[in-house]
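Notes follow once the structure below has been shown.
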Amino acid sequence: MVMKMKSVRVIINCIFLAIGNCGGPLMMRLYFHNGGERIWFSSFLQTVGCPLILFPLLFSFLRRRRLVKQEKTSLFLMKPPLFIASVVAGLLMGFDNYLYSYGLAYIPVSTASLIISAQLGFTALFAFCMVKQKFTPFTINAIVLLTLSAVVLAINSDSYKLANETHKEYVVGFLMTVGAALLYAFILPLVELSYKKSRQGVTYTLVLEFQMVLCFVATCFCLVGMLVAGDFKVIAREARDFKLGESLYYVVVVFTAVIWQAFFVGAIGLIFCVSSLVSGIMVSALLPVTVVLAVICFQEKFQAGKGIALTLSLWGSVSYFYGQFKSGEKTKAQETQETQLSQLPVTDSVA
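And the structure:
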């Protein structure tokens, strides 16, 4: 029963992650493509949907209060060490949101997605250092291939610029996206390490609380950026000038916030259910879907360089998946052998 519930949670979080990972970048490109220009505002939208988490948290609280009638039910389960960790992760996430928004403002979604795929290699390295994630030849092969895919994109940068974008803007956007991939790859193992060092039993409710604090802090970080940049003064004017119309501007804004929140819930949930590396793998595995949707929706160019980068990324992801599969088979075989040995009868010999 426990294993079944865990499988259900993994599937649900994978669905959330898929919706956010594929839909989030497309909604942001829709914003920039049709006249949106506020980078801090687009960063803010990535985590401002965090109040949606209050609904499952309220349900969990009411359920706990019903089950534990004789004891006082705590509204929040999170203790100070984990709370501090969530605040730190939230500040980093806020900065990561800005880097990613800046990059997506100046490079195509398909290019950004291929760059972000390299975060799997970075995640593996950080996971190895921070949570002692084991390396295999397949993991190393995946890291090399995913890094090469980003290098191929960098070499062919002039071919992928958006219309009316200068080479300097493209390069800055490219570097910002690489920085976002690096920082996000660091945040994933940091969250996993926070769970392990929390000194309290980590439940899914606690994971949602962690996510709530993380996104709230990230939102406040971006809110400060919006105030400094003066975004609030121009949002109404930007909505009036939006190519799709003022009403659709606010529809895009709301859907962007909701879809990105699905991504963060799925990513953090997978870290709890499995590991930070698996969460990173899912992001990379969904790469082809995002690239294809970007080409279809925005008629983005897909030259040979992107094809090579996509092939290398897919090869790297498949290599890692295969390595994990073989490792799982080996572990299962060892456990079976140990079980069989423990069941052997013990006989006393008389000399």
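Using this note's numbering, you'd call the opening residue of the sequence shown number 28 and step up by one each time. Heads up, the beta-carbon is just placed ideally off N, CA and C, and yes, glycines get one too.
Inset, instruction - Go ahead and pull the three-state DSSP assignment for Gln288. - result: helix
Legend entry - Nearest-angstrom Cα separation, counted from Leu94 out to Val229: 19 Å
Legend entry - Length at least 3, wholly inside the region 184-254: the beta strand (DSSP E) runs in chain order: none
Inset, instruction - Rounded to whole angstroms, what's the CA-CA distance from Ala321 to Arg226? Just pull it up for me. - result: 43 Å
Inset, instruction - Please classify Tyr197: is it buried, with 16 or more other beta-carbons within 10 angstroms of its beta-carbon, or exposed? - result: buried
Legend entry - Rounded distance between the beta-carbons of Leu172 and Gly343, thought under 8 Å: 3 Å
Inset, instruction - Could you check what DSSP says for Asn61 in three-state terms: helix, strand or coil? - result: coil
Inset, instruction - Go through its chain and collect everything with a Cβ distance to Leu104's Cβ below 8 Å, but skip five positions before and after it. - result: Gln227, Thr230, Thr232, Leu233, Glu236
Legend entry - Collapsed DSSP secondary structure at Ala169 in the structure displayed: helix
Legend entry - Under the three-state DSSP convention, the category Phe325 falls into: helix
Inset, instruction - Evaluate contact between the region 260-275 and the region 142-157, counting only Cβ atoms and requiring at least three cross-stretch pairs below 8 Å. - result: no
Inset, instruction - Determine the DSSP secondary structure at Val136, reduced to helix, strand or coil. - result: helix
Inset, instruction - With DSSP as the reference, label Gln146 as helix, strand or coil. - result: helix
Legend entry - Continuous alpha helix (DSSP H) stretch holding Phe103: start and end: Phe103 -> no alpha helix (DSSP H), and no H or E assigned at all.
Inset, instruction - Enumerate in chain order the residues of its own chain whose CB-to-CB distance from Leu314 is below 8 Å, with the five nearest sequence positions on each side excluded. - result: Ser140, Leu141, Ile143, Ser144, Leu337, Ser340, Leu341, Ser344
Inset, instruction - Would you identify the three-state DSSP class for Ser274, choosing helix, strand or coil? - result: helix
Inset, instruction - Would you check if there are 3 or more beta carbon pairs closer than 8 Å linking the region 216-224 to the region 37-48? - result: no
Legend entry - Chain-order list of residues whose beta-carbon lies under 7 Å from that of Leu286 (same chain, five-residue window excluded): A small fix is needed here, since residue 286 is Ile in this sequence, not Leu. Closer than 7 Å at the Cβ level, and outside the excluded window around Ile286, lie Ile46, Gly47, Gly50, Gly51, Met54.
Legend entry - Gly350 versus Leu297: straight-line alpha-carbon distance, rounded: 19 Å
Inset, instruction - Buried or exposed for Pro164, please, with buried defined as at least 16 other CB atoms from any protein chain shown within 10 angstroms of its CB. - result: exposed
Inset, instruction - May I ask which residues mark the beginning and end of the alpha helix (DSSP H) holding Lys260? - result: 258-268
Legend entry - Closest residue to Ile170 among Ala212, Asn61, Pro83, Lys353 (Cα-Cα distance): Ala212
Legend entry - Phe88 versus Phe82 - alpha carbon distance: 10 Å
Legend entry - Own chain residues within Cβ distance below 7 Å of Cys324, not counting five before or after: Leu53
Legend entry - C-beta contact flag for Gln238 and Val292 at 8 Å: yes
Inset, instruction - Could you spell out where the alpha helix (DSSP H) holding Ile80 opens and where it closes? - result: Where Ile80 is concerned, there is no enclosing alpha helix (DSSP H), given that its DSSP letter is neither H nor E.
Inset, instruction - Could you check which residue in Ala289, Tyr222, Asn124, Val251 has the C-alpha nearest to that of Val301? - result: Tyr222
Legend entry - Beta-carbon contacts of Gly76 that lie in its chain and below 6 Å, excluding the five residues immediately before and after: Ala284, Val285, Gln288
Inset, instruction - Please go through the same chain and pick out, in chain order, the residues whose beta-carbon is closer than 6 Å to the beta-carbon of Leu175, but skip the five residues on each side of it. - result: Leu339
Inset, instruction - Indicate the three-state DSSP secondary structure (helix, strand or coil) for Lys353 in the structure shown. - result: helix
Legend entry - Nonlocal neighbours in the same chain, by C-beta distance under 6 Å from Met203, ignoring five residues either side: Leu126, Tyr129, Gly130
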